[in-house]
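A.B. asks:
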Amino acid sequence: MRCWAYLVGGALIGLLTTVLLVVLALLGLALSVAGIGLPLLLAVALAGLPAGALERRRLRLVEPNAVPDPHRALPGAGRRARLRTRLRERATWRELAHTALVGPVLTAAGLGLTALLVFSAALVVSPVVVWALAPETVMLIPGHAVPGPLHALPATGAGLVGLLLGSYGGALLTTAHVRLARLLLGPREEDLGRQVVELTRSRARLADAFEAERRRIERDLHDGAQQQLVALTMTLGLAAHELRERAHPPGAGADEREGRAGGPGGRTDEDPAAALVDRARAEARLALEQLRDLVRGIHPQVLTDHGLAAAVAEIALRHPVPVEVDLDLPGRLPGPVESTAYFTVTEALTNAAKHSGATAVTVHGRVADGRLVVQVTDDGRGGADPAAGAGLQGLADRVAILRGRLMVTSPTGGPTRLRLEVPCSG
1353 MRCWAYLVGG
1363 ALIGLLTTVL
1373 LVVLALLGLA
1383 LSVAGIGLPL
1393 LLAVALAGLP
1403 AGALERRRLR
1413 LVEPNAVPDP
1423 HRALPGAGRR
1433 ARLRTRLRER
1443 ATWRELAHTA
1453 LVGPVLTAAG
1463 LGLTALLVFS
1473 AALVVSPVVV
1483 WALAPETVML
1493 IPGHAVPGPL
1503 HALPATGAGL
1513 VGLLLGSYGG
1523 ALLTTAHVRL
1533 ARLLLGPREE
1543 DLGRQVVELT
1553 RSRARLADAF
1563 EAERRRIERD
1573 LHDGAQQQLV
1583 ALTMTLGLAA
1593 HELRERAHPP
1603 GAGADEREGR
1613 AGGPGGRTDE
1623 DPAAALVDRA
1633 RAEARLALEQ
1643 LRDLVRGIHP
1653 QVLTDHGLAA
1663 AVAEIALRHP
1673 VPVEVDLDLP
1683 GRLPGPVEST
1693 AYFTVTEALT
1703 NAAKHSGATA
1713 VTVHGRVADG
1723 RLVVQVTDDG
1733 RGGADPAAGA
1743 GLQGLADRVA
1753 ILRGRLMVTS
1763 PTGGPTRLRL
1773 EVPCSG
């Protein structure tokens, strides 16, 4: 029943759609001379969109697996942007082809099968019709009179054969319609491939924008706040020196200086303002050191100026755990590749110092077959879970943008190995 409901409904909808398309196309062509028929022709071009959406919903009658929408989602896009995108998509023209070409053919076939079933059903009940109209002569077929119910039995047999053929024909037509609908109204591999490429490009653009913003922050901190802290430290040093000069002028006598310094019989008269200035100077120095570490962590200048090997060697010198660096690179690599490799090594060294209890770490890197391969190994306790924190997961996402791989092996008891492979074409 669902099969025939699908065929009969499709035949009626296809007939109405075909008439509507023909009328719009003729009006559009006739009025295009005056310039007012273009919207009608545009409506004809986009008529496949609602027709395709309706057909995908109708397929649920006979197909358990829904046909997905082949069009890209456009959240927040305006009408013009949506219109331009839909006209550029191949799926729009496939839907129009299904509506204008395939629809009428299948509509005619569906109407023909429906007529065959109705006629076959009438032949099956022909003896009853003849018996009800007797003794009058019944003309079941023009030119062939049926005098009685027994003479209508061959028509009943023919009707049964027609019902059987119509049933199988309906099933075959429904199958053909479903396959054509999946072919023309569903997404194709090239559509999915283009969407994947566009998604990859958008992720790469986001990563590049994030990297540019990080470098801007690093530049602003290096050239702005860091220099201001250096100037503040120098100013506080000069202020402390001036206060001590005023407290101990060069022309003062020995007794006076001894009394100010707290000698025998004297008392200590240290200026509290000088102590506060010294304290402020020490805090400014500490803030400057922390800011330098922050700037170095955002994007080290040595990575920009001298490359990956020099940047990793520098961080190894400051690492609390002894690090052996063995990076043999042919030269400078693309910026995204160097940045991704550097922050991967940094994350691995940070995890080794904080969580693994390692006493030695090795960083080994080579370029082979156009791919940068870096492996970080520590002799810690192991048992690291990459899914437990966002650090390695974020690095893995970043590596995936460059079509690389990030693998972590950390059995209980160690050692922990982190392996990075990324194409140098980045």
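No gaps in the numbering here: position 165 of the sequence shown is 1517 in the numbering used here, and each next residue is one more.
Built from N, CA and C at the ideal position, the CB exists for glycine as well.
Remember, predicted model here, so these are calculated numbers, not experimental data.
Tell me which same chain residues have a C-beta within less than 6 Å of the C-beta of Gly1495, skipping the five on either side of it?
C.D. replies: Confidence is the limiting factor: at Gly1495 the pLDDT is only 48, short of 50, which leaves the residue's position unreliable, though a coordinate-based value still follows. Cβ neighbours of Gly1495 beyond the five flanking positions: none.
A.B. asks: Kindly provide the ranges of any alpha helix (DSSP H) runs that are 4 or more residues long and lie completely inside the segment 1649 to 1727, ordered along the chain.
C.D. replies: Fully enclosed alpha helix (DSSP H) runs of 4 or longer: 1653 to 1658, 1660 to 1669, 1687 to 1703.
A.B. asks: Could I get the ranges of all uninterrupted alpha helix (DSSP H) runs contained in the segment 1436 to 1485, with 4 residues as the minimum, in chain order?
C.D. replies: DSSP runs (the alpha helix (DSSP H)) wholly in the segment 1436 to 1485: 1442 to 1449, 1455 to 1476, 1478 to 1485.
A.B. asks: What residue does the beta strand (DSSP E) around Pro1775 start on, and which one ends it?
C.D. replies: From DSSP, the beta strand (DSSP E) with Pro1775 extends over 1768 to 1775.
A.B. asks: Around the C-beta of Asp1730, are 16 or more other C-beta atoms found within 10 angstroms, so that it is buried, or is it exposed?
C.D. replies: That one is buried.
A.B. asks: For a test of the three-state rule: what should DSSP assign to Gly1614, helix, strand or coil?
C.D. replies: In this prediction, Gly1614 scores a pLDDT of 48, lower than 50, which makes its location untrustworthy; no coordinate-derived value is stated.
A.B. asks: For Val1725, which residues from the same chain have a beta carbon less than 8 Å from its beta carbon, with the 5 sequence-adjacent residues on both sides left out?
C.D. replies: The answer, listed in chain order, is Gly1717, Arg1718, Val1719, Arg1771, Leu1772, Glu1773.
A.B. asks: Give the DSSP-derived three-state secondary structure of Met1353 in the structure shown.
C.D. replies: Met1353 falls in the coil class under three-state DSSP.
A.B. asks: Tell me whether the beta-carbon of Asp1441 lies closer than 9 Å to the beta-carbon of Gly1404.
C.D. replies: Before going further, note that residue 1441 is Glu rather than Asp in the sequence given. In this structure, Gly1404 does not lie closer than 9 Å to Glu1441 by Cβ.
A.B. asks: How many whole angstroms separate the CB atoms of Val1677 and Val1664, which I take to be in contact at a CB cut-off of 8 Å?
C.D. replies: Sure, about 6 Å apart at Cβ, within 8 Å.
A.B. asks: Would the segment 1518 to 1534 count as touching the segment 1455 to 1468 if we require 3 or more Cβ pairs under 8 Å?
C.D. replies: In short, these stretches touch, since the Cβ pair count reaches three.
A.B. asks: Would you call Tyr1694 buried or exposed, if buried means 16 or more other Cβ atoms sit within 10 Å of its Cβ?
C.D. replies: Classification for Tyr1694: buried.
A.B. asks: For the beta strand (DSSP E) that contains Arg1757, what are its first and last residues?
C.D. replies: Run containing Arg1757: 1757 to 1761, per the beta strand (DSSP E) assignment.
A.B. asks: Can you check DSSP and say which residues form a bridge with Asp1730?
C.D. replies: DSSP output for Asp1730 lists Val1713, Thr1768 as bridge partner(s).
A.B. asks: Report back the beta-carbon spacing between Val1689 and Val1713 to the nearest angstrom; my notes put them in contact at under 8 Å.
C.D. replies: Contact doesn't hold; Cβ gap of about 22 Å is too wide.
A.B. asks: Give me, in chain order, the residues of the same chain whose beta-carbon lies closer than 8 Å to that of Pro1539; leave out the 5 immediate sequence neighbours on both sides.
C.D. replies: Hits under 8 Å: Pro1420, Asp1421, Pro1422, Ala1443.
A.B. asks: Determine the burial state of Ile1667: buried for a count of at least 16 other Cβ atoms within 10 Å of its Cβ, exposed for fewer.
C.D. replies: Buried, by the Cβ-count rule.
A.B. asks: Out of Thr1585, Leu1655, Ala1452, Arg1438, state which residue places its alpha-carbon closest to the alpha-carbon of Leu1640.
C.D. replies: The candidate whose alpha carbon is nearest that of Leu1640 is Thr1585.
A.B. asks: What span of residues does the alpha helix (DSSP H) with Ala1397 cover, start to end?
C.D. replies: Element bounds for Ala1397: 1390 to 1397.
A.B. asks: Please classify Arg1633 as buried or exposed, where buried requires at least 16 neighbouring CB atoms within 10 angstroms.
C.D. replies: So Arg1633 counts as buried.
A.B. asks: Sorted by chain position, which residues of the same chain lie with C-beta nearer than 6 Å to Val1530's C-beta, five sequence neighbours on each side aside?
C.D. replies: Taken in chain order, the residues that qualify are Glu1415.
A.B. asks: Taking Gly1734 and Thr1764 to be in contact with their CB atoms under 8 Å, please state how far apart those CB atoms are, rounded to whole angstroms.
C.D. replies: Confirmed, Cβ separation roughly 5 Å.
A.B. asks: Please go through the same chain and pick out, in chain order, the residues whose beta-carbon is closer than 8 Å to the beta-carbon of Gly1521, but skip the five residues on each side of it.
C.D. replies: Correct list, in chain order: Leu1465, Leu1468.
A.B. asks: Taking 9 Å as the threshold (C-beta atoms), are Ala1399 and Leu1372 in contact?
C.D. replies: Taking 9 Å as the Cβ cut-off, Leu1372 and Ala1399 qualify as a contacting pair.
A.B. asks: Can you tell me the Cα-Cα spacing of Gly1617 and Ala1591, whole angstroms?
C.D. replies: Residue placement at Gly1617 is flagged as unreliable, the pLDDT there being 44, under the threshold of 50; a coordinate-derived value is accordingly withheld.
A.B. asks: Going by other Cβ atoms of all chains shown within 10 Å of its Cβ, with 16 needed for buried, is Pro1652 buried or exposed?
C.D. replies: Counting Cβ neighbours within 10 Å, Pro1652 comes out buried, since at least 16 surround it.
A.B. asks: Is it right to say Arg1408 is buried, meaning 16 or more other beta carbons lie within 10 angstroms of its own, or is it exposed?
C.D. replies: By the 10 Å Cβ count, Arg1408 comes out buried.
A.B. asks: Would Ser1478 and Val1513 qualify as a contact pair, given that the criterion is a beta-carbon distance under 9 Å?
C.D. replies: For Ser1478 and Val1513, no; Cβs fall outside 9 Å.
A.B. asks: Report the rounded CA-to-CA distance for Pro1686 versus Thr1702, giving the unit in angstroms.
C.D. replies: Going by the C-alpha atoms only, they are around 24 Å apart.
A.B. asks: For Leu1367 and Thr1451, what's the separation of their Cα atoms in angstroms?
C.D. replies: Approximately 10 Å between the Cα atoms of the pair.
A.B. asks: Nearest-angstrom Cα distance between His1593 and Val1629?
C.D. replies: Each residue's alpha carbon lies about 10 Å from the other.
A.B. asks: Between which two residues does the alpha helix (DSSP H) carrying Gly1509 extend?
C.D. replies: Its alpha helix (DSSP H) spans residues 1505 to 1537.
A.B. asks: Assuming Ala1662 and Val1654 are in contact, meaning their beta carbons sit under 8 Å apart, how far apart are those beta carbons, in whole angstroms?
C.D. replies: So it is a contact: roughly 5 Å between Cβ atoms.
A.B. asks: Pick from Leu1536, Leu1435, Thr1761: whose alpha carbon is nearest that of Leu1453?
C.D. replies: Ranking the options by Cα distance to Leu1453, first place goes to Leu1536.
A.B. asks: Measure the CB-CB distance between Ala1626 and Leu1595 and report whether it falls below 9 Å.
C.D. replies: Yes, Cβ-Cβ distance for Ala1626 and Leu1595 is below 9 Å.
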